[in-house]
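Chemist:
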Amino acid sequence: MASDNFDREIDIQEDVSYGVGGFFVEIIKIFFLALIIIIPIRVFVFQPFFVQGASMEPSFDDGEYLIVNEIGYKKTEIGIEDMKIATLNPFRKLERGDVIVFRYPKDPRQFYIKRVIGLPKETIEIKDGKVLIYNDQWSGGKVLDESDYLDKNVTTQTHEGGSDFIKTIGKDEYFVMGDNRPNSSDSRFWGAIHNTDVIGKVLIRAWPLNRMHLYLQATDYPL
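Going from the sequence shown to the working numbering is simple: count from 1 and add 49.
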């Protein structure tokens, strides 16, 4: 049985300092980094998060600093500090492959980062180390191609140590898993997450600078 000790997961981080590089290009990067980190901290539509733990390796490593887009994925207050200009209700649906931040269902004070694997009303089966998706399009089941973000040697096991697993997802739920399958506490162990638990989708990896990246769609999450 897996335990929550698999993941230290992620915590909100308010204050971050970085050393200034010796090259002009590094100065430009740091200036840009300051804009995308400092500004979102005080605006309610983006949130900075700090990755802690290995559950999303190799896609996202321990210690990386992310900017998460909340717009459309949760009820969002738009404004600065205590000045709220407007409220946006959710209007976007997550896609398979999206990397998201959400409240841990068993303890809403904790924030987790995982990848969306199963969508509302689908059935997920884990068999022979592979993930199969059943839905209206794939009524007979389809093996999910995870080659964009999983190493070819990685297999997906269940909480029962390799036995088959099947789960039907609710109409407002998502099935999520970490990319580091052997070391991730996720929907295999504590079930699907409700859409109201979703904070948002990872938009920018802001730190480290040599791995800075803008994520616009699910296919932008390579190894």
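Note that CB positions come from ideal geometry on N, CA and C, so glycine has one too.
Just so you know, these numbers come straight off a predicted model, no measurement behind them.
1) Please report the distance separating the alpha-carbon of ALA255 from that of ILE116.
2) In terms of alpha-carbon separation, which member of VAL165, PRO154, VAL150 lies closest to GLU144?
3) Please report the distance separating the alpha-carbon of PRO89 from that of LYS176.
4) Would DSSP call VAL156 helix, strand or coil?
5) Using a threshold of 8 Å, state whether the C-beta atoms of PRO157 and ILE218 are closer than that.
6) Tell whether a beta-carbon distance below 8 Å holds between THR205 and VAL180.
7) Pop quiz: ILE248 and PHE151 are said to be a contact at Cβ under 8 Å. What is the actual Cβ separation, rounded to whole angstroms?
8) Roughly how many angstroms separate the alpha carbons of GLY190 and LYS216, rounded to a whole number?
9) Going by the CB atoms, is the gap between GLY167 and ILE182 shorter than 8 Å?
10) On a Cα-Cα basis, can you pick out the residue from HIS262, ASP246, THR245 that is closest to LEU252?
11) Quick check on DSSP: helix, strand or coil for LEU265?
12) Can you tell me where the alpha helix (DSSP H) with TRP239 in it begins and where it stops?
Modeler: In brief:
1) Position 206 of the sequence shown, counted from the first residue, corresponds to residue 255. Position 67 of the sequence shown, counted from the first residue, corresponds to residue 116. When rounded, the separation of the alpha-carbon atoms in ALA255 and ILE116 is 7 Å.
2) What you label residue 144 is simply residue 95 of the sequence shown in a count that begins at 1. For GLU144, the nearest C-alpha among the options comes from VAL165.
3) For this step, residue 89 is matched to residue 40 along the sequence shown. For this step, residue 176 is matched to residue 127 along the sequence shown. Model confidence at PRO89 stands at a pLDDT of 49, short of 50, so the residue's coordinates are unreliable and nothing is read from them.
4) For the purposes of this step, residue 156 is taken as the residue at position 107 of the sequence shown. At residue 156 the sequence reads Asp, which differs from the Val that was named. Reduced to three states, the DSSP call for ASP156 is strand.
5) Here residue 157 refers to the residue found at position 108 when the sequence shown is read from its first residue. Here residue 218 refers to the residue found at position 169 when the sequence shown is read from its first residue. It is not a contact, given that the beta carbons lie outside the stated cut-off.
6) As a working note, residue 205 is residue 156 in the sequence shown. As a working note, residue 180 is residue 131 in the sequence shown. Contact: yes.
7) Sequence index remark: in the sequence shown, residue 248 carries index 199 (1-based). Sequence index remark: in the sequence shown, residue 151 carries index 102 (1-based). Going by Cβ atoms, the distance from ILE248 to PHE151 rounds to 6 Å, so yes, they are a contact pair.
8) Counting from one through the sequence shown, the residue named residue 190 turns up at place 141. Counting from one through the sequence shown, the residue named residue 216 turns up at place 167. Their Cα atoms are separated by approximately 13 Å.
9) Taking the first residue of the sequence shown as 1, we reach residue 182 at position 133. Taking the first residue of the sequence shown as 1, we reach residue 167 at position 118. Taking 8 Å as the Cβ cut-off, ILE182 and GLY167 qualify as a contacting pair.
10) What you label residue 252 is simply residue 203 of the sequence shown in a count that begins at 1. The shortest CA-to-CA distance from LEU252 to any of HIS262, ASP246, THR245 is the one to HIS262.
11) Within the sequence shown, numbered from 1, the residue matching residue 265 stands at position 216. Coil, per DSSP.
12) Looking up residue 239 in the sequence shown gives position 190. From DSSP, the alpha helix (DSSP H) with TRP239 extends over 236–239.
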